[in-house]
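> Heads up: the sequence lines are chains A and B, in that order. When we follow the working numbering, the leftmost residue of the first sequence carries the number 28, and every step to the right adds one. When we follow the working numbering, the leftmost residue of the second sequence carries the number 247, and every step to the right adds one. We put the CB at the ideal spot given by N, CA and C, even for glycine. Remember, predicted model here, so these are calculated numbers, not experimental data. Here's a structure for you.
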Amino acid sequence: SHSFPTATSETQEQDVETVQKYLENYYNLKSDAKQVERQRNSDPVVEKLKQMQKFFGLKVTGKPDAETLNVMKQPRCGVPDMAQ
Amino acid sequence: FVLTQGNPQWEDTHLTYRIENYTPDLSRAAVDHAIEKAFQLWSSISPLTFTKVSEGQADIMISFVRGDHHDNSPFDGPGGNLAHAFQPGPRIGGDVHFDEDERWTNNFRDYNLYRVAAHELGHSLGLAHSTDIGALMYPNYIFSGDVQLSQDDISGIQAIYGPSQNPTQPTGPQTPQVCDSKLTFDAITTVRGEVMFFKDRFYMRTNPFYPEAELNFISLFWPHLPNGLQAAYEVADRDEVRFFKGNKYWAVKGQNVLYGYPKDIYRSFGFPRTVKNIDAAVSDEDTGKTYFFVANKCWRYDEYKQSMDAGYPKMIAEDFPGIGNKVDAVFQKDGNKFWAVRGIEGQAGYLRGIHTLGFPPTIRETEAVSGKEKKKTYFFVEDKYWRFDENSQSMEQGFPRIIADDFSG
Numbered sequence: 028s029h030s031f032p033t034a035t036s037e038t039q040e041q042d043v044e045t046v047q048k049y050l051e052n053y054y055n056l057k058s059d060a061k062q063v064e065r066q067r068n069s070d071p072v073v074e075k076l077k078q079m080q081k082f083f084g085l086k087v088t089g090k091p092d093a094e095t096l097n098v099m100k101q102p103r104c105g106v107p108d109m110a111q
Numbered sequence: 247f248v249l250t251q252g253n254p255q256w257e258d259t260h261l262t263y264r265i266e267n268y269t270p271d272l273s274r275a276a277v278d279h280a281i282e283k284a285f286q287l288w289s290s291i292s293p294l295t296f297t298k299v300s301e302g303q304a305d306i307m308i309s310f311v312r313g314d315h316h317d318n319s320p321f322d323g324p325g326g327n328l329a330h331a332f333q334p335g336p337r338i339g340g341d342v343h344f345d346e347d348e349r350w351t352n353n354f355r356d357y358n359l360y361r362v363a364a365h366e367l368g369h370s371l372g373l374a375h376s377t378d379i380g381a382l383m384y385p386n387y388i389f390s391g392d393v394q395l396s397q398d399d400i401s402g403i404q405a406i407y408g409p410s411q412n413p414t415q416p417t418g419p420q421t422p423q424v425c426d427s428k429l430t431f432d433a434i435t436t437v438r439g440e441v442m443f444f445k446d447r448f449y450m451r452t453n454p455f456y457p458e459a460e461l462n463f464i465s466l467f468w469p470h471l472p473n474g475l476q477a478a479y480e481v482a483d484r485d486e487v488r489f490f491k492g493n494k495y496w497a498v499k500g501q502n503v504l505y506g507y508p509k510d511i512y513r514s515f516g517f518p519r520t521v522k523n524i525d526a527a528v529s530d531e532d533t534g535k536t537y538f539f540v541a542n543k544c545w546r547y548d549e550y551k552q553s554m555d556a557g558y559p560k561m562i563a564e565d566f567p568g569i570g571n572k573v574d575a576v577f578q579k580d581g582n583k584f585w586a587v588r589g590i591e592g593q594a595g596y597l598r599g600i601h602t603l604g605f606p607p608t609i610r611e612t613e614a615v616s617g618k619e620k621k622k623t624y625f626f627v628e629d630k631y632w633r634f635d636e637n638s639q640s641m642e643q644g645f646p647r648i649i650a651d652d653f654s655g
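This is the structure we're talking about:
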């Protein structure tokens with residue numbers, strides 16, 4: 028069938044790294060090592076992810092789905108979206 | 247728009263700027279020009295003025311740096327973080343840094359310096375990131391060919407510094423709101439099983455995988471199409487969509503604009519020179535007939551014979567009685583149905599049904615699916631709808647009816 032390609036990608040380790048870095052840079056996520064360990068089930072990351080998804084008008088799931096990762100990988104301004 | 251936390255702003259509205267160093271990607275003159283244009287965007291809609299100085303400390307210092315450049319915000323190499331700027335204030339306040347690991351251009355190629363500078367200067371003047379995708383202060387890099395402040399940007403900067411000195415207040419484009427009941431459309435077409443709505447620089451689309459409508463720039467898919475399209479239709483068996491603006495049209499296959507376009511509508515379709523533009527177009531997959539709506543007339547073009555059918559143009563009312571004398575957009579979905587959308591700015595509520603796109607539950611599917619003998623075509627105009635019987639080529643008795651009565655919810 029013909030259809031537009033929609034961005035799909037499985038969440039992989041580097042995606043986890045992408046999410047962590049993005050939320051630290053632009054959404055005030057505190058970046059200490061323990062945080063990384065807990066991020067699979069951690070609240071701060073989920074909350075920050077929801078903030079980011081709401082900001083970009085994405086489905087607010089708190090999960091790093093393909094659409095969210097797609098936005099995170101787009102070139103952008105370095106100023107944070109959420110005030111420090 | 248969002249103001250930077252704490253509302254920092256420049257006390258003096260007559261500011262200076264200095265370009266400390268230059269990227270080797272562009273000539274000095276091109277860098278000067280891009281930065282000057284970026285400042286002009288903001289000065290044209292506010293009381294702010296900007297004067298370029300070539301030495302000493304200026305209010306806004308501009309530089310190209312890479313990696314860690316000792317301001318606690320290291321750049322990250324190619325891509326990702328392109329530039330940043332500091333809020334109004336002394337010393338580093340207001341300064342703009344561009345990542346020298348990017349390639350800076352003055353055209354479509356990544357990354358357009360003028361476009362990024364316009365955004366960063368918003369920060370230098372006290373704006374934070376906006377969630378409005380049509381605003382320059384939206385955080386992600388989007389270059390749709392032209393750089394213009396949206397109404398969101400203008401409202402933001404005027405909230406800080408007040409209106410511009412111009413006797414007539416300049417305004418910027420608004421980003422369409424998907425659920426705005428006053429929304430009118432430039433064009434609508436099916437595209438490989440989806441339906442895309444076009445308005446100004448944007449497209450909107452829904453499809454079963456994303457419950458919310460998606461709104462983004464037309465240039466995301468077709469960077470070389472103009473903004474402000476006027477009509478569009480799909481020739482499904484050629485896997486081709488044609489977009490119209492003025493007396494020109496473009497043919498695309500997927501995301502590729504076909505070679506040799508734009509072409510003019512006179513030689514390709516046989517329109518007379520008196521036709522300056524197309525309001526709406528739709529092609530019937532079954533018959534290969536394409537209907538063009540121009541003001542109060544409609545033309546029928548045979549895609550197989552590649553010529554206009556005799557007897558056209560006709561008044562719209564002849565082929566589609568009751569539809570009125572102007573159509574904004576029209577598209578075909580699910581076989582023998584045409585949906586015609588007509589809107590006048592300020593008419594509230596008439597489009598209520600259109601953005602459900604899933605058919606309203608009360609349409610009797612068997613009618614729509616049962617094939618030729620039961621052909622019914624539903625036309626929605628403002629808050630009423632008509633049902634047109636294809637076999638008898640006439641409007642059915644008892645119409646128009648009120649949409650809300652029959653399509654409740």
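(1) Report the option in B:ASN542, B:PRO518, B:TRP545 and B:GLU549 whose CA atom is closest to the CA atom of B:VAL532.
(2) Select from B:ALA275, B:GLN578, B:GLY339 and B:GLY516 the residue whose C-alpha is nearest the C-alpha of B:ALA556.
(3) Note down the Cα distance separating B:THR421 from A:PHE82, rounded to an integer number of angstroms.
(4) Determine the closest residue to B:ASP510 out of B:ASN493, B:GLY500, B:ARG438 and B:ASN412, with distance taken between C-alpha atoms.
(5) Between B:GLN251 and chain A, is any beta-carbon pair separated by less than 7 Å?
(6) Would B:ASP345 pass as a contact of B:PHE321 if the rule is Cβ separation under 7 Å?
(7) Less than 7 Å between CB atoms is the rule here; does B:THR351 satisfy it with respect to chain A?
(8) What residues match up with B:THR536 in a beta bridge as DSSP calls it?
(9) Starting from B:HIS243, follow its DSSP beta bridges and name the residues at the other end.
(10) Since B:THR269 meets chain A, which of its residues come closer than 7 Å, beta carbon to beta carbon?
(11) Return the residue from the list B:PHE625, B:ASP432, B:GLY335 and B:PRO385 that minimises the CA-CA distance to B:TRP256.
(12) Please give me, in chain order, every unbroken run of the beta strand (DSSP E) with length at least 3 that falls completely inside the segment 387–414 of chain B.
(13) So, helix, strand or coil for B:GLU460, using DSSP?
(14) For a contact defined as C-beta to C-beta under 9 Å, what are the partners of B:LEU357 on chain A?
(15) From the DSSP output, which residues share a beta bridge with B:MET307?
(16) Counting contacts by CB-CB distance shorter than 7 Å, is B:ASN386 in contact with chain A?
(17) State yes or no: is the beta carbon of A:VAL108 nearer than 7 Å to at least one beta carbon in chain B?
(18) On the three-state DSSP scale, how would you describe B:TRP288?
(19) For B:ASN327, list the residues DSSP reports as bridge partners.
(20) According to DSSP, is B:ASN502 helix, strand or coil?
(21) Taking just the CA atoms, how far does B:TYR407 sit from B:PRO413?
(22) Is B:HIS365 close to chain A? Criterion is C-beta to C-beta, closer than 7 Å.
(23) Let me know if B:MET383 comes out buried or exposed under the rule of 16 or more other beta-carbons within 10 Å of its beta-carbon.
(24) Leaving out five residues before and five after B:GLN415 in sequence, what residues of the same chain have Cβ atoms less than 7 Å from its Cβ?
(25) Per the DSSP calculation, B:VAL487 is bridged to which residue(s)?
(26) Of the residues B:LYS551, B:SER292 and B:ILE403, which one's Cα is nearest the Cα of B:LEU373?
(27) For A:VAL72, is the classification buried or exposed, using 16 other Cβ atoms within 10 angstroms of its Cβ as the cut-off for buried?
(28) Residues of the segment 371–403 of chain B with a CB closer than 8 Å to any CB of chain A: list them in chain order, please.
(29) Do you know how far the Cα of B:SER290 is from the Cα of B:GLY252?
(30) Work out the CA separation of B:THR295 and B:HIS316 for me, nearest whole Å.
(31) With DSSP run on the structure shown, which of helix, strand or coil describes B:GLU348?
(32) Report the residues of the segment 322–337 of chain B with a CB closer than 7 Å to any CB of chain A, ordered along the chain.
(33) Between the beta-carbon of B:SER401 and the beta-carbon of B:PHE247, is there less than 7 Å?
On the basis of the coordinates in this document:
(1) In the sequence on display, residue 532 of chain B carries Asp and not Val. The residue with the shortest Cα to Cα distance from B:ASP532 is B:GLU549.
(2) Out of B:ALA275, B:GLN578, B:GLY339 and B:GLY516, B:GLY516 has the C-alpha closest to the C-alpha of B:ALA556.
(3) B:THR421 and A:PHE82: Cα-Cα distance of roughly 16 Å.
(4) That would be B:ASN493, whose Cα lies nearest to the Cα of B:ASP510.
(5) Yes, B:GLN251 lies at the interface with chain A (some Cβ there is under 7 Å from its Cβ).
(6) Contact annotation: B:ASP345 and B:PHE321 have beta-carbon atoms nearer than 7 Å.
(7) It does not; no Cβ of chain A falls within 7 Å.
(8) Answer is B:SER529 and B:TYR547, bridged to B:THR536.
(9) No answer is possible for residue 243 of chain B: the residues shown for chain B start at 247 and end at 655.
(10) What B:THR269 touches in chain A: nothing, since even the nearest Cβ is about 16 Å away.
(11) Cα-wise, what sits closest to B:TRP256 is B:GLY335.
(12) Fully enclosed beta strand (DSSP E) runs of 3 or longer: not present.
(13) Strand, per DSSP.
(14) Note that residue 357 of chain B is Tyr in the sequence shown, not Leu. Close partners of B:TYR357 in chain A (Cβ separation under 9 Å): PRO102.
(15) Beta-bridge pairing links B:MET307 to B:ARG264.
(16) Answer yes: the Cβ-Cβ gap between B:ASN386 and chain A drops below 7 Å somewhere.
(17) A quick correction: the sequence has Asp, not Val, at residue 108 of chain A. At least one chain B Cβ lies under 7 Å of A:ASP108.
(18) Three-state DSSP puts B:TRP288 in a helix.
(19) The partner list for B:ASN327 (beta bridge, DSSP) reads A:ARG103.
(20) Residue state, collapsed to three classes: strand.
(21) Cα to Cα, B:PRO413 sits roughly 16 Å from B:TYR407.
(22) Taking Cβ atoms only, chain A reaches closer than 7 Å to B:HIS365, which makes this a yes.
(23) By the neighbour-count criterion, in which a residue is buried when 16 or more other Cβ atoms sit within 10 angstroms of its Cβ, B:MET383 is buried.
(24) Answer for B:GLN415: PRO409, listed in chain order.
(25) Partner(s): B:GLU480 and B:VAL498.
(26) When only C-alpha atoms are compared, the closest one is B:ILE403.
(27) Buried, because 16 or more other Cβ atoms sit within 10 Å of the Cβ of A:VAL72.
(28) Answer set for the segment 371–403 of chain B: ALA374, HIS375, THR377, ILE379, PRO385, ASN386 and TYR387.
(29) Distance from the CA of B:GLY252 to the CA of B:SER290, rounded to the nearest whole angstrom, comes to 25 Å.
(30) Pairing B:HIS316 with B:THR295, the inter-Cα distance amounts to about 29 Å.
(31) In the displayed model, B:GLU348 falls within coil according to three-state DSSP, outside both helix and strand.
(32) So the list reads GLY325, GLY326, ASN327, LEU328, ALA329, HIS330 and ALA331, given in the order they occur along the chain.
(33) With contacts defined as CB atoms closer than 7 Å, B:SER401 and B:PHE247 qualify as a contacting pair.
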